[in-house]
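Novice: Taken in sequence, the protein lines are chains S and G. Counted from 1, the first sequence has number 172 at position 51 by this note's numbering; the numbering is strictly sequential. Counted from 1, the second sequence has number 1434 at position 89 by this note's numbering; the numbering is strictly sequential. One structure is given below, represented as structure tokens, and several questions about it will come after.
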Amino acid sequence: MKTTETIACHECDLLYELPALPEGSVARCSRCGAVLQRHKRDSLDRTLAWTIAGLILFVVANAFPFLALKSGGLVRETTLITGILELYQQDMRSVAVLVFLTVILFPVVQLAGMLYLLLPLKVNRLPWWKPAYVFRFIRTLQPWAMMEVFMIGILVSMVKLAKMAKVIPGIAIYSFAVLIIALAAAAASLDPHLVWDRLELDK
Amino acid sequence: MKEGFATALEKSLVSCHSCHLVCQGIAVHGKGEMICPRCGSVLHQRKPRSLSRTWALVIAAFIFYIPANVLPITTVISLGHAQSDTIMSGVIYFILTGMWPIALVIFIASIFVPLVKLLILTFLLVSVQRKWQWRPKDRTRLYRITEAIGRWSMTDIYVVTILVALVKLGGLATIEAEPGAIFFAAVVVSTMFAAMSFDPRLIWDSMETNHE
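As structure tokens, this is what we get:
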């Protein structure tokens, strides 16, 4: 094993010879304050656990109605996809596609990608198909998966609709709430540097 | 931690954009591009054409920002009566009905954040081009904030999606999305791309050339 590693701050380009960090510590750039590296506890295990939890919750969140509207004896339920389809039919295709990508496709691709990488690494194997490419791809998608923003959208809509009719939260809304916690925890426990190291070592 | 006194640029090293491996760029790709040996992405000393790309996206976002705020984003049709709402009229409606926390959330996410983000990026672009020496650490921090807050502006787009689905199903009234929503989505997407294409290392590059 290498004792030190050369890294450059990705925000100001200053070079460092970084020793292996003790668990739970953070190295910051002394010039601009950016985080250089963070050694997280049980990073792979924790991220894997949260990812699996996230995938299960994702299925529940999309399969069940998340809001129901009750007015004059009528109850209408909606799932996430109905809103997107409705927008699409109203000729708001670009917006419908954007919503589909940011709250359905990108989050699920990210979760599935992490599972694909972490499961083999957990048993000390290398994922069989282009692991570096997959990891790079899901890192690029990261800012575009916006489940947590969608949750704020749900809350605002509930308040907005409360005047018009009775709004009943469905099962999916609770799984959404837990899902964003799982996603945040998975992102917080992931140590990309460690994953790159593991992918490289096994080459 | 042993602190380096040189930047990767000065030592002719390249830090990979996606996996942060410091490379000397041995492997050469087809068009003379260097490829990161670890993750396979194309290596650049700095993000390619960072300033012109960021300027283009920022200017585009400023242009989209106008119709996004002037045009209605939704129309509520109830018992033959249609009422169109812009982002601002939605905020005012919430203030008038006493729901000021929601008014604040929408105002911050939809009006304040996109504008602040565009102003910060413009400021950073000008400061890099003019080679200002003013507080590089704080300017890097401003960049970090810009990058982090952009996605929250999507809130209003999601609200429209949910309202359109639920109220249509309700039967009593219908809510239709209006073109303002398209422009608003365009603002969010272009500012996110703008923040990604800006390279904060440019702030520090001009500091170094002036010291020597």
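The beta carbon of each residue, even a glycine, is placed where N, CA and C say it ideally should be. If you're wondering where the values come from, they're calculated on a predicted model, not measured in any experiment.
In chain order, what residues of the same chain lie with their CB nearer than 6 Å to the CB of alanine 1530 of chain G, ignoring the 5 residues before and after it?
Specialist: These residues qualify, in order along the chain: Ile1502.
Novice: Give the range of the beta strand (DSSP E) segment to which threonine 1419 of chain G is assigned.
Specialist: Here the beta strand (DSSP E) through threonine 1419 of chain G covers 1419-1423.
Novice: According to DSSP, simplified to helix, strand and coil, what is methionine 213 of chain S?
Specialist: Coil at methionine 213 of chain S, not helix or strand.
Novice: Taking only beta-carbon positions, decide if lysine 1482 of chain G is within less than 9 Å of chain S.
Specialist: Yes, its Cβ sits closer than 9 Å to a Cβ of chain S.
Novice: Alpha carbon to alpha carbon, what distance is there between alanine 1351 of chain G and threonine 127 of chain S?
Specialist: Answer to the nearest angstrom: the Cα atoms are 12 Å apart.
Novice: Enumerate in chain order the residues of its own chain whose CB-to-CB distance from methionine 162 of chain S is below 7 Å, with the five nearest sequence positions on each side excluded.
Specialist: For clarity, residue 162 of chain S is arginine in the given sequence; the question names methionine instead. Glu144, Gly145.
Novice: State the DSSP-derived secondary structure class of threonine 125 of chain S, mapped to helix, strand or coil.
Specialist: If DSSP states are grouped into helix, strand and coil, threonine 125 of chain S belongs with the strands.
Novice: Just to confirm my understanding: we take leucine 178 of chain S, look at its own chain, exclude 5 residues before and 5 after, and list those with CB closer than 7 Å. What are they?
Specialist: For leucine 178 of chain S, where only same-chain residues beyond five positions count, the Cβ hits under 7 Å are Ser296, Val299, Leu300, Ala303.
Novice: Looking at the secondary structure, which residues open and close the beta strand (DSSP E) in which glutamine 1390 of chain G lies?
Specialist: No beta strand (DSSP E) holds glutamine 1390 of chain G; DSSP gives it neither H nor E.
Novice: Name the chain S residues whose beta carbon is nearer than 7 Å to that of glutamate 1521 of chain G?
Specialist: The contacting residues are Gln211.
Novice: Cβ atoms of glutamate 1523 of chain G and proline 1446 of chain G: under 9 Å apart, would you say?
Specialist: Cβ atoms of proline 1446 of chain G and glutamate 1523 of chain G: not closer than 9 Å.
Novice: Would you list, in chain order, the members of the segment 1444-1477 of chain G that have their beta-carbon closer than 8 Å to a beta-carbon of chain S?
Specialist: Answer in chain order: Met1444, Ile1447, Val1450, Ile1451, Ala1454.
Novice: Anything in chain G within Cβ reach of serine 278 of chain S, meaning under 7 Å, just list it in chain order.
Specialist: Within chain G, the residues near serine 278 of chain S are Val1504, Ile1507, Leu1508.
Novice: Return the chain-ordered list of same chain residues with a C-beta closer than 7 Å to the C-beta of isoleucine 1440 of chain G, the five sequence neighbours on each side being excluded.
Specialist: Within the same chain, isoleucine 1440 of chain G has close Cβ partners Ala1448.
Novice: Along the segment 1380-1412 of chain G, where does the CB come closer than 7 Å to a CB of chain S? Name the residues.
Specialist: Under the 7 Å Cβ criterion, the segment 1380-1412 of chain G contributes Arg1383, Cys1384, Gly1385, Ser1386.
Novice: Mind listing, in chain order, the continuous alpha helix (DSSP H) runs of no fewer than 4 residues lying wholly within the segment 1392-1453 of chain G?
Specialist: Counting only runs of 4 or more, we get 1395-1415, 1432-1441, 1445-1451.
Novice: With a threshold of 9 Å between beta carbons, is threonine 1485 of chain G in contact with chain S?
Specialist: Chain S contact via Cβ: present.
Novice: Under a Cβ-count criterion, where at least 16 other Cβ atoms within 10 Å of its own Cβ denotes burial, should alanine 266 of chain S be classed as buried or exposed?
Specialist: Buried, since its Cβ has 16 or more Cβ neighbours within 10 Å.
Novice: What are the complete alpha helix (DSSP H) segments, minimum 4 residues, inside the segment 220-255 of chain S?
Specialist: Runs of the alpha helix (DSSP H) inside the segment 220-255 of chain S: 227-243.
Novice: For alanine 189 of chain S, report the span of its beta strand (DSSP E) as first-last.
Specialist: Start and end: 188-192.
Novice: Quick check: is the beta carbon of methionine 267 of chain S nearer than 9 Å to any beta carbon in chain G?
Specialist: So, interface residue.
Novice: Beta-carbon within less than 6 Å of cysteine 1384 of chain G's beta-carbon, same chain only, minus the 5 sequence neighbours each way: which residues are those?
Specialist: Answer for cysteine 1384 of chain G: Ser1363, Cys1364, listed in chain order.
Novice: Just confirm the distance between the C-beta atoms of serine 1455 of chain G and serine 1498 of chain G, as a whole number of angstroms; I'd bet it's less than 8 Å.
Specialist: Correct: roughly 6 Å between the Cβ atoms.
Novice: If the cut-off is 7 Å on Cβ atoms, which residues from the segment 197-221 of chain S count as contacting chain G, listed in chain order?
Specialist: Result list: Arg197, Thr199, Thr203, Gly204, Ile205, Glu207, Leu208, Gln211, Met213, Ser215, Val216, Leu219, Val220.
Novice: Tell me valine 156 of chain S's beta-bridge partners as DSSP assigns them.
Specialist: DSSP, once it has assigned bridges, lists S:Arg149 as partnering valine 156 of chain S.
Novice: Residues of chain S with a CB under 9 Å from the CB of methionine 1433 of chain G: which are they?
Specialist: The premise fails here: methionine 1433 of chain G is roughly 15 Å from chain S at the closest Cβ pair, so nothing lies under 9 Å.
Novice: Find the residues of chain S that neighbour isoleucine 1527 of chain G, judging by a C-beta separation of less than 7 Å, and give them in chain order.
Specialist: In chain order: Met213, Ser215, Val216.
Novice: Could you check whether the Cβ of threonine 124 of chain S sits closer than 9 Å to any Cβ belonging to chain G?
Specialist: So no, threonine 124 of chain S is outside the interface.
Novice: Give me the Cα-Cα distance between serine 1429 of chain G and valine 1421 of chain G, rounded to the nearest whole angstrom.
Specialist: The straight-line gap from Cα to Cα measures roughly 6 Å.
Novice: Using Cβ-Cβ distances below 9 Å, what residues of the segment 232-258 of chain S are close to chain G?
Specialist: Taking 9 Å as the Cβ-Cβ cut-off against chain G, the residues of the segment 232-258 of chain S that qualify are Lys251, Ala253, Tyr254, Phe256, Arg257.
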